[in-house]
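Engineer: My numbering numbers the first residue of the sequence shown as 135 and each following residue consecutively.
Let me give you the structure first, and then I'll get to my questions.
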Amino acid sequence: MDARILLVEDDPSIREVTAIGLRNAGFSVDTAVDGQQGLERFGAGGFDLVLLDVMLPRLDGLEVCRAIRRTSTVPVVMLTARADTIDVVVGLEAGADDYVKKPFEVPELVARVRAALRRAGRGPGDEDELRLGPVAIDLAGRTVTRDGREVALTRTEFDLLVELTRHAGQVLSRDVLLDRIWGYDYLGDSRLVDVAIQRLRAKIEADPATPELVVTVRGAGYKAAR
């Protein structure tokens with residue numbers, strides 16, 4: 135896989151080992167030692183994915199992610215020493231597509247990077263538009279509107295909405311969603327699905343506390359209403 139990755143990590147040992155592992159896996163890797171430098175290098179363009187540590191000097195990873203999202207939909211994978219649900223929520227809210235908890239094994243990170251790149255390269259399918267109640271999904275333009283008003287979704291939220299809508303009425307388990315949206319199963323964390331569903335509901339439901347479009351099927355998973 136010929137892809138160019140920007141690795142933003144302030145710990146020199148982690149940065150060096152990670153960069154070597156990614157290069158051995160066939161990726162081109164540029165590095166930055168803090169958030170400000172990372173943002174400047176990203177601004178030069180040409181990256182297919184960003185690996186971004188959360189705790190960075192000068193500008194933290196969440197701020198960098200938000201800045202990237204203002205101009206780009208390039209996949210962002212956060213590296214974090216903490217993986218509490220609140221940290222996942224904050225990362226996804228900032229626009230991240232996935233997260234990897236430190237310490238990590240390089241093969242796991244490589245698998246997550248490849249999965250994120252595959253998701254980013256997926257085609258929109260044969261349809262031009264999908265509908266879920268008052269929500270219209272423009273597949274070619276990758277835009278979503280509710281009652282005619284545009285809803286800003288991250289790449290992951292958009293893909294999740296499309297997958298659920300294409301299988302409206304069918305229950306999709308967390309494992310299935312991890313595999314289809316994030317591109318992995320045993321490496322995954324089901325909390326990622328739950329948090330992404332929560333964020334999606336906050337944006338498309340009239341009342342996220344009592345969802346009607348994307349509902350929970352206790353003990354089984356989630357489904358989109360017909």
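Positions of the beta carbon are idealized from the N, C-alpha and C atoms, including for glycine.
The beta strand (DSSP E) spanning L266 covers which residue range?
Structural biologist: Residue 266 sits at position 132 when you count from the first residue of the sequence shown. That run of the beta strand (DSSP E) goes E263 to L266.
Engineer: As an exercise, report each continuous alpha helix (DSSP H) stretch of at least 4 residues that is fully enclosed by the stretch 194-256, in chain order.
Structural biologist: Runs found: 195-203, 219-228 and 240-254.
Engineer: Per the DSSP calculation, L186 is bridged to which residue(s)?
Structural biologist: The count along the sequence shown starts at 1 and reaches residue 186 at position 52. According to DSSP, L186 bridges with V142 and M212.
Engineer: Check E339 in the structure and name its three-state DSSP category.
Structural biologist: Residue numbering aside, residue 339 sits at position 205 when the sequence shown is read from its first letter. Here E339 sits in coil by DSSP.
Engineer: Between the beta-carbon of D187 and the beta-carbon of W316, is there less than 8 Å?
Structural biologist: Start at 1 with the first residue of the sequence shown, and residue 187 comes out as number 53. Start at 1 with the first residue of the sequence shown, and residue 316 comes out as number 182. No, Cβ-Cβ distance for D187 and W316 is not below 8 Å.
Engineer: In chain order, what residues of the same chain lie with their CB nearer than 7 Å to the CB of L347, ignoring the 5 residues before and after it?
Structural biologist: Counting from 1 along the sequence shown, the entry for residue 347 is found at position 213. These residues qualify, in order along the chain: L266, G267, V269, I338, E339, A358 and A359.
Engineer: Can you find the residues in the same chain that come closer than 8 Å, C-beta to C-beta, to A153, ignoring five residues on each side of it along the sequence?
Structural biologist: As a working mapping, residue 153 is identified with position 19 in the sequence shown. Excluding sequence neighbours, A153 sits near L141, V163 and T165.
Engineer: Do A336 and L226 come within 8 Å of each other at the CB atom, strictly closer than that value?
Structural biologist: What you label residue 226 is simply residue 92 of the sequence shown in a count that begins at 1. What you label residue 336 is simply residue 202 of the sequence shown in a count that begins at 1. No; because the gap between Cβ atoms is not below 8 Å, this pair is not in contact.
Engineer: List the endpoints of the continuous beta strand (DSSP E) containing E284.
Structural biologist: In the sequence shown, residue 284 corresponds to position 150, counting from 1. Where E284 is concerned, the enclosing beta strand (DSSP E) stretches over R283 to V285.
Engineer: Nearest to E157 by CA position, among G275, R204 and P241, is which residue?
Structural biologist: As a working mapping, residue 157 is identified with position 23 in the sequence shown. Reading off the sequence, residue 157 comes out as Arg, not Glu. Measuring from the Cα of R157, the nearest candidate turns out to be P241.
Engineer: What's the C-alpha gap between S307 and L295?
Structural biologist: Sequence index remark: in the sequence shown, residue 307 carries index 173 (1-based). Sequence index remark: in the sequence shown, residue 295 carries index 161 (1-based). Each residue's alpha carbon lies about 14 Å from the other.
Engineer: Using a Cβ-Cβ cut-off of 7 Å (strictly less than) and excluding sequence neighbours within five positions of V327, which residues of its own chain qualify?
Structural biologist: Translated into positions along the sequence shown, residue 327 becomes position 193. So the qualifying residues of the chain are R308, L311 and L312.
Engineer: Give the C-beta separation of V208 and I202 to the nearest angstrom, bearing in mind that I take them to be a contact with Cβ-Cβ under 8 Å.
Structural biologist: Within the sequence shown, the letter at position 74 stands for residue 208. Within the sequence shown, the letter at position 68 stands for residue 202. Sure, about 7 Å apart at Cβ, within 8 Å.
Engineer: Who are the Cβ neighbours of L264 in its own chain at under 6 Å, not counting the five residues just before and after it?
Structural biologist: Residue numbering aside, residue 264 sits at position 130 when the sequence shown is read from its first letter. Around L264: I271 and T299.
Engineer: Looking only at its own chain, which residues have a Cβ that is under 6 Å from the Cβ of P345, when we skip the five neighbours before and after it?
Structural biologist: Residue mapping note: residue 345 aligns to position 211 of the sequence shown, counting from 1. Excluding sequence neighbours, P345 sits near R335 and E339.
Engineer: Just tell me which of T277, D323 and R253 has its CA closest to the CA of T290.
Structural biologist: For this step, residue 290 is matched to residue 156 along the sequence shown. Looking at the Cα atoms, R253 is the closest of the given residues.
Engineer: Note down, in chain order, each residue of its chain lying with its Cβ closer than 7 Å to the Cβ of T78, except the 5 sequence neighbours on either side.
Structural biologist: Outside the shown range of the chain, which is 135 to 360, sits residue 78, and nothing can be said about it.
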